[in-house]
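Q:
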Amino acid sequence: MFLSQYLEKNNISIQDFAKQIKLSRQQVYHYMAKYGTDKFNIPSKSVMLRIMEATDNQVQPQSFFLDLQVHMKEQRKNNQKRRNDEKLAGNREMGEAEKGV
Numbered sequence: 185m186f187l188s189q190y191l192e193k194n195n196i197s198i199q200d201f202a203k204q205i206k207l208s209r210q211q212v213y214h215y216m217a218k219y220g221t222d223k224f225n226i227p228s229k230s231v232m233l234r235i236m237e238a239t240d241n242q243v244q245p246q247s248f249f250l251d252l253q254v255h256m257k258e259q260r261k262n263n264q265k266r267r268n269d270e271k272l273a274g275n276r277e278m279g280e281a282e283k284g285v
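Its first residue numbered 185, the sequence shown is counted upward by one per residue in our numbering.
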């Protein structure tokens, strides 16, 4: 479960949760930000342990990496498409060179 989902489900404000785990409200916002935004931040191990304890283990470390995993998967897919496109363009250019075009 994502931290934002936990807070919403349990009707806990970000400010109250931040106090509970002894962090600033802004730090909690950063942990809830989407990957790729300049606000995105992954909690340290000690902070993750506090979050897990405060949420009765409903928020797990992997939830902080899920956006990153999705982004990396999209990036690999885009890189593979780009390589395939470059390979096709290279083959086309090679074929034209052989024809004397």
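Cβ coordinates follow ideal geometry from the N, Cα and C atoms, glycine included. Note that the structure is predicted; figures quoted are calculated from it, not measured.
For Pro245, which option in His214, Leu233, Ala238 has the closest C-alpha, if you only look at C-alpha atoms?
A: With distances taken between Cα atoms, Pro245 lies closest to Leu233.
Q: For Thr239, count neighbouring Cβ atoms within 10 angstroms of its own Cβ and tell me buried if that reaches 16, exposed if not.
A: Looking at its Cβ environment, which holds 16 or more other Cβ atoms inside 10 Å, Thr239 is buried.
Q: How far does the alpha helix (DSSP H) with Ala238 in it extend, from its first residue to its last?
A: Start and end: 229-238.
Q: Answer with buried or exposed for Leu272, where buried requires no fewer than 16 other C-beta atoms within 10 angstroms of its C-beta.
A: Leu272 comes out exposed.
Q: Just the C-alpha distance for Glu258 and Ser208, rounded to the nearest angstrom, thanks.
A: If you take the alpha carbons of Glu258 and Ser208, they lie about 32 Å apart.
Q: Of all the beta strand (DSSP E) runs that stay within the bounds of the stretch 190-224, which reach a length of 3 or more residues?
A: You should have found no qualifying run.
Q: Closest by CA to Met185, which one among Met216, Asn225, Phe201, Arg260?
A: The residue with the shortest Cα to Cα distance from Met185 is Met216.
Q: Would you mind sorting Phe201 into buried or exposed? The rule is 16 or more other CB atoms within 10 Å of its CB.
A: Under this definition Phe201 is a buried residue.
Q: Do you know offhand how far Leu191's Cα is from Glu270's?
A: If I take the Cα positions, the gap works out to 46 Å.
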